[in-house]
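Take the sequence shown: its position 69, counted from the start at 1, is 187 in the working numbering, and no numbers get skipped.
For each residue, glycine too, the CB sits at the ideal point set by N, CA and C.
Everything numeric in this text was worked out from a predicted model, so none of it was measured.
Heads up: the structure comes next, in structure tokens.
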Amino acid sequence: MTADDSGAAPRDMDTEDDAVRDVPVDDPSGAESGSATHNAAANSNATTHGGADDGAGDPGDDNGDENNIAVRLEQLILGADRRYTPFQAARGAGVSMDLAARFWRAMGFADIGQVKALTEADVLALRRLSGLVEAGLLSEAMAIQVARSTGQTTARLADWQIDSFLEGLTEPQDSGLTRTEITYPLVELLLPELEEFLVYVWRRQLAAATGRVVRAQDDAEMVDRRLAVGFADLVGFTRLTRRLEDEELGELVEAFETTCSDLVAAHGGRLIKTLGDEVLFSADDAGIAAEIGLRLIETMTNDETMPELRVGIAFGTVTTRMGDVFGTTVNLASRLTSIAPKDTVLVDEAFAEELGRIGDAPVSEADAAAAEKAAAEGTGAPPPSYRFALQPMWQRPVRGLGVVEPWLLSRRNGQGTND
């Protein structure tokens, strides 16, 4: 959307613009269906902006091609016809074109000039965001961040659903119907169910994230927190890309990401992001991160279809922004992963110390051995039941981080998993 910063409406839009301002967006008796206001802001724009220049015609005009499947799908998903230009939408929402353009771009939508491509839901989304700013609940910068994080997250979800989910379900069947003919009724059936499920998962994730924040010890930890951060990286992935067909490579990456996602979630960690041959995860507790790292190695080792894996984990202060993590601790975890031998977990000194502090690994192997010997001879108390063992490795300089001393993490005394 190209912002008209002058604030002057084209002469032929004056009448339509006044109509936008006079029609209450929330009034179900208005020109648009009440279902338009039901759509979430990100969903209400996902198809509108991407399809503004698809050559399908303008359904807001009398000459629009109502039978075009792309336009019909857009109307179905958005719950409304294209009706307003960006200028009209901004005026209807009571915001400047400059702010409206910043919101659209933050959500990930391309500039569309002054094409009549927006709906009542777009006006409502603008009004809601600007209303949060006017009420003092969000700063303007924070509202832009809300738009950007929501747009980035839902864009990836929408791409995945179309590329993988819908594509597989719309394979031509014996009925003789084409994929185009199957798509519309399929979307019509799935849309309300997927929408409800999306809201459910979002609320669950929001509750979990809120819980993590309120458990922080002080206000500073709500942004800069002490976490365990780990990377898991497939060994020799570049060679695999040259040897495998595209479909085989896609299946391998999907299997790797699915396995990692399931293991991280099942053991109380959080998957930050996937990078094809690498995943980034975090955990509030070093013991949880250690269990995840070892489980990943054990699971991949037992899968003959997967390459070797290496894991690096560091513990320390981490800055969180828009669901991602940044800082020296993250960089150190990445460096540890790059130097880890295959099928091993390397951790930094701070992580090793934290495992000792919480009692998941002995602070000193010599002290642990003495305690076990005393207990065996009946001259001492039973030794603690440690889950993990730590072996100091060679010290080495790491670019940008100085000299580090990695520790090799393993299960203590051959302890296996409980599964």
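Counting C-beta atoms within 10 angstroms of its own C-beta, P204 has 16 or more neighbours from the protein chains shown and is therefore classed as buried. Nearest neighbour of G212 by Cα position, chosen from E483, D240 and M260, turns out to be D240. Across the structure, L473 and L381 are spaced so that their CA atoms are roughly 20 Å apart. The straight-line gap separating the alpha-carbon atoms of D402 and A479 is approximately 17 Å.
Beta-bridge partners of L352 (DSSP): L427. The residue among D351, V251 and L191 with its C-alpha nearest the C-alpha of I280 is L191. Taking one beta carbon from each stretch, the stretch 359-373 and the stretch 437-455 have fewer than 3 pairs nearer than 8 Å; the two do not touch.
The three-state secondary structure of D442, taken from DSSP, is strand. In terms of Cα proximity to D351, the closest of I431, V331, A470 and S267 is I431. Contact holds between the stretch 513-531 and the stretch 463-470, because three or more Cβ pairs, one in each stretch, are under 8 Å apart.
The beta carbon of G354 sits closer than 6 Å to the beta carbons of P425 from its chain, once the five residues preceding and following it are set aside; these are given in chain order. L247 and A224 have their C-alpha atoms spaced approximately 12 Å apart. Nearest in C-alpha terms to A261, of all of F433, P310, T423 and G249, is G249. Scanning the stretch 368-432 from its first residue to its last, the whole alpha helix (DSSP H) runs of 4-plus residues come out as 404-419. The C-alpha of V317 is placed about 45 Å away from the C-alpha of P502.
With the rule of 3 Cβ pairs closer than 8 Å, the stretch 265-276 counts as touching the stretch 221-237. The beta carbons of S400 and A408 sit no closer together than 9 Å.
Counting the other Cβ atoms within 10 Å of the Cβ of V429 gives 16 or more, which makes it buried. Between R344 and the set V189, F444, R505 and V251, the nearest pair of CA atoms involves F444. A346 and E396 have their alpha carbons spaced roughly 17 Å apart. Within a 10 Å sphere around the beta-carbon of E422 sit fewer than 16 other beta-carbons, which makes this residue exposed. If you draw a straight line from the Cα of F433 to the Cα of G477, it is about 16 Å long.
In the displayed model, W512 falls within coil according to three-state DSSP, outside both helix and strand. For Y504, the secondary structure class from DSSP, reduced to helix, strand or coil, is coil. The criterion of a C-beta distance shorter than 9 Å is not satisfied by T356 and E375.
DSSP places V213 in the coil class of the three-state scheme, outside both helix and strand. Closest in C-alpha terms to F349, from the list E471, G394 and R274, comes G394. In the structure shown, the three-state DSSP call for S528 is strand.
Remark: C-beta atoms of A198 and L244 do not approach each other more closely than 9 Å. Residue pairing from DSSP leaves L454 without any beta-bridge partner. Taking K460 as the centre and dropping the five residues before and after it, the same chain places the C-beta of V353, E426 and R428 closer than 6 Å to its C-beta, in chain order.
In this structure R530 is in contact with A507, their Cβ atoms being roughly 4 Å apart against a cut-off of 8 Å.
Counting only runs that start and end inside the stretch 214-261, the alpha helix (DSSP H) elements of at least 4 residues fall at 215-224 and 238-252. With a 10 Å radius around the Cβ and a threshold of 16 neighbouring Cβ atoms, E238 comes out buried.
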